[in-house]
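In this note's numbering, the protein residues as written are 5 to 505.
For every residue, glycine included, the Cβ atom is placed at its ideal position computed from N, Cα and C.
Read through the structure below, which is laid out as structure tokens, and then see the notes.
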Ligand code: FDA
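Structure representation (structure tokens):
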């Protein structure tokens, strides 16, 4: 079992946590990582660790009776989803009224399920959202460090131009160019050299085998293979999977007491026990960390927490949409599940958009071009405590999503006009063309410099730190994990230097 008293505890094992655990371990601090999801290293009966998107089984989804894929339908038919037994699967979709949030569950957090797009934010926008962070240090030291540690690589451009797997991206690029729009290659933590072998038929297919949001059996440099492997390698870090932190309390002597629930993969409770530590690092993600803290504040277990905890949450302006292509404009039935190109119109003064050209990994020609647009939506949600369910909940209304739609529509109306194409209305369960009832990029809730000091120390609660996406005020303008990683590198350096004498 997990130790019951440790010098440092890290909650969760996503980007912020993985960085923190490694740097604590390197500094010789005995550290326990508590992760509610599974360690994904055991093959199932089919010989694979993860199930694919075309035939998802219980491994796909965190304790639901049916899968909840983002593309709910095709020609209005619910082809993507399956009934499944409840299980500690790898992808969760957490519902809060008008907004639901996709989250990775397991050792590695979001890195297990994400599209691996590893993008450094535009410097002027970064300086705008986090004005108190030294941008020279970020761009000179911490972004490069994060990229190196994460194993970020670039697609071979000659191969990109002639391969089958990115025909869909080249088509979208052509359509964007006709509208006078520029595209940019997107670096990745998926191994592009491996992908080339997949296309050549010399390695088992993963990104080219419709594996993305339910995990990749090959090719993906997820955190369990990078930061977390290195953390365990220090000999100081223990990772406890299927251990959920339910409650955080601070005793008068400054010791944190965590209530931890250990389950088996079917969900049966094995034990509930207490872990004590003087140093607590929260990396449970924007939703997880904010929920723990708002509940702790409202139930009185963490005296001193301020009103900024629970504020400043955003969707990174996420909105998904599809365009219907002409019959002669095929996207190809073989599509790399990891995007490698985006339409970059962030410089637009009215409607800045960075739109990833997303695959439709259906294994057949769909004549659909899909996009996940990141927009600059100024709306922010906040968390409140619901005593009836004893749970902190996100407050976000459908109307708050409208600016994201307006921005995406401004861009893709241009693309459609230039190409004589229209939107797809059959992809999201009803007839809507723009889907923004979910986000892949939850950010904020414990914003740097507001709920915490400028290095993630929670205001009013000495010994408590936030390390994850909840530090970022609702938006980064690009896919967020490189920003989360680099910020965690920066913060933990300061904390180790000044708080661990
Ligand atoms: P993260 O969510 O990664 O980790 C939190 C961990 O804490 C999870 O493992 C969770 O199980 C655990 N946890 C939560 N509560 C807990 C508790 N009470 N006790 C114990 N453990 C707890 N980003 C990007 O940059 N490029 C991309 O291509 C994509 N694509 C993408 C696709 C999909 C489908 C998703 C869902 C997300 C993306 N993202 C992405 C987003 C990216 O994955 C996300 O921003 C980061 O994973 C967030 O990192 P954090 O460190 O904040 O937490």
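Judged by DSSP secondary structure, residue 143 falls outside any alpha helix (DSSP H); it is assigned neither H nor E.
DSSP links residue 395 through a beta bridge to 390.
For residue 20, the closest C-alpha among the options 64, 317, 235 is that of 235. Per DSSP, the beta bridge partners of residue 348 are 358.
Between the stretch 141-155 and the stretch 482-492, the count of C-beta pairs closer than 8 Å reaches three or more; the two stretches touch.
When 385, 176, 500 are compared, the shortest CA-CA separation from residue 448 is found for 385. Across the structure, residue 455 and residue 411 are spaced so that their CA atoms are roughly 30 Å apart. For residue 387, the number of other beta carbons within 10 angstroms of its own is at least 16, and it is reported as buried. For residue 327, the enclosing beta strand (DSSP E) has its first and last residue at 323-328. Partner residues in the beta bridge of residue 242, as assigned by DSSP, are 36. In this structure, residue 485 has its CB closer than 7 Å to one or more heavy atoms of ligand 1.
Here the alpha carbon of residue 505 sits roughly 13 Å from the alpha carbon of residue 28. For residue 212 and residue 61, the gap between their C-alpha atoms comes out near 19 Å. At the C-beta level, residue 249 and residue 261 stay beyond 8 Å of one another.
Leaving aside the five residues that flank residue 338 on each side, the residues in its chain whose CB is nearer than 7 Å to its CB run, in chain order, 168, 169, 212. In this structure, the CA atom of residue 11 is about 44 Å from the CA atom of residue 346. A check of alpha carbon separations from residue 359 across 139, 503, 483 identifies 483 as the nearest. Rounded to the nearest whole angstrom, the CA to CA distance from residue 247 to residue 420 is 48 Å. With respect to the C-alpha of residue 116, the residue from 31, 402, 42 having the closest C-alpha is 42. Separation of the CB atoms of residue 190 and residue 121 is rounded to 5 Å, and the pair is thereby assigned contact status at 8 Å.
Its Cα nearest to that of residue 114, the residue 220 stands out among 457, 392, 220. Within the model, the alpha-carbon separation for residue 150 versus residue 274 is close to 37 Å. Under the three-state reduction of DSSP output, residue 408 falls in the helix class. Within 7 Å of the C-beta of residue 479 there is not a single heavy atom belonging to ligand 1.
Take the alpha-carbon of residue 173 and the one of residue 199: they are about 15 Å apart.
Contact annotation: residue 98 and residue 288 have beta-carbon atoms that are not nearer than 8 Å.
With respect to residue 452, residue 464 sits apart: the two C-beta atoms are not nearer than 8 Å.
A distance below 8 Å between beta-carbons, with the five flanking residues on each side excluded, links residue 458 to the following residues of its chain, in chain order: 136, 137, 452.
Here residue 332 carries a coil assignment [DSSP, helix/strand/coil]. Put simply, the stretch 323-331 does not touch the stretch 280-294. Fewer than three CB pairs are less than 8 Å apart. Within the same chain, 157, 159 come within 6 Å of residue 196 by CB-CB distance, once the 5 residues on both sides are set aside.
Contact check between the stretch 465-474 and the stretch 418-433: fewer than three CB pairs, one atom from each, fall below 8 Å, which does not count as touching. Leaving aside the five residues that flank residue 368 on each side, the residues in its chain whose CB is nearer than 6 Å to its CB run, in chain order, 337. Residue environment analysis places residue 79 among the exposed positions, since fewer than 16 neighbouring C-beta atoms fall within 10 angstroms of its C-beta.
Within 7 Å of the C-beta of residue 490 there is not a single heavy atom belonging to ligand 1. The continuous alpha helix (DSSP H) containing residue 163 extends over residues 161-166.
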